[in-house]
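Shown next, in structure tokens, is the structure this report addresses.
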Amino acid sequence: MHPVKKRCLSERGADLRKGSSSMSEKQRSLMLDFLSEHPCMVLDRSVGGTANKPSVDELWENLAIILNNCGSGAQKDGCGWRRSWHDLKRYESLKAKESMTKLEKMTEKMNEKPTLVLSPLQERIANLLNVSISVSIKF
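Using the numbering used here, read the sequence shown as starting at 921 and increasing by one per residue.
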């Protein structure tokens, strides 16, 4: 038997998890600002284990209210915005890795050390995740 999926509805009865548009730049910026203020949400790990999970879930619901009320972009519940954060992290990470691979191939031929320039969005995400970016190529 499959678990029953919780359906999240807006005040008007619309399903907030399906059929939503893409996140707007304003929503993305607001999300990153909120996540920098609440680091427990960034890696989706509660300090103190599962006992604090409800408070993290409440933070995602609070963020959903903020993002849904910003006037443009997607309309989602807390679960949907959490998924968007995971997708954003993954997408930007893959994009940076892909750029690094291309850069390594180009600089291999020129015998130079590569320097990867991150987009402002990638840099904000890296800072949130406390990721230090170091590049080393073996010649």
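All C-beta atoms in this analysis are idealised placements derived from N, C-alpha and C, irrespective of residue type, glycine included.
- Around the beta-carbon of Ile1045, 16 or more other beta-carbon atoms lie within 10 Å, marking it buried.
- Taking the CA atoms as reference points, Ile986 sits about 19 Å from Asp1007.
- Taking every protein chain shown into account, the CB of Ser1004 has 16 or more other CB atoms within 10 angstroms, so this residue is buried.
- Of the other Cβ atoms in all chains shown, fewer than 16 fall within 10 Å of the Cβ of Lys946; this residue is therefore exposed.
- Counted as a single uninterrupted DSSP element, the alpha helix (DSSP H) harbouring Met951 occupies residues 945-957.
- Rounded to whole angstroms, the gap between the alpha carbons of Ser1039 and Ala984 is 25 Å.
- Assigned with DSSP and collapsed to three states, Val976 falls in helix.
- Cys990 sits in coil when the DSSP states are folded into three classes, being neither helix nor strand.
- Across the set Trp980, Met943, Ser975, Ser944, the C-alpha of Trp980 shows the shortest separation from the C-alpha of Leu955.
- Residue burial is scored here from C-beta neighbours: Arg1010 has fewer than 16 other C-beta atoms within 10 angstroms and is therefore classed as exposed.
- For Gln995, no alpha helix (DSSP H) encloses it, and the DSSP letter there is neither H nor E.
- The three-state reading of DSSP puts Leu1036 in coil, since its state is none of H, G, I, E or B.
- Taking all protein chains shown into account, Asn988 has 16 or more neighbouring C-beta atoms within 10 Å of its C-beta and is therefore buried.
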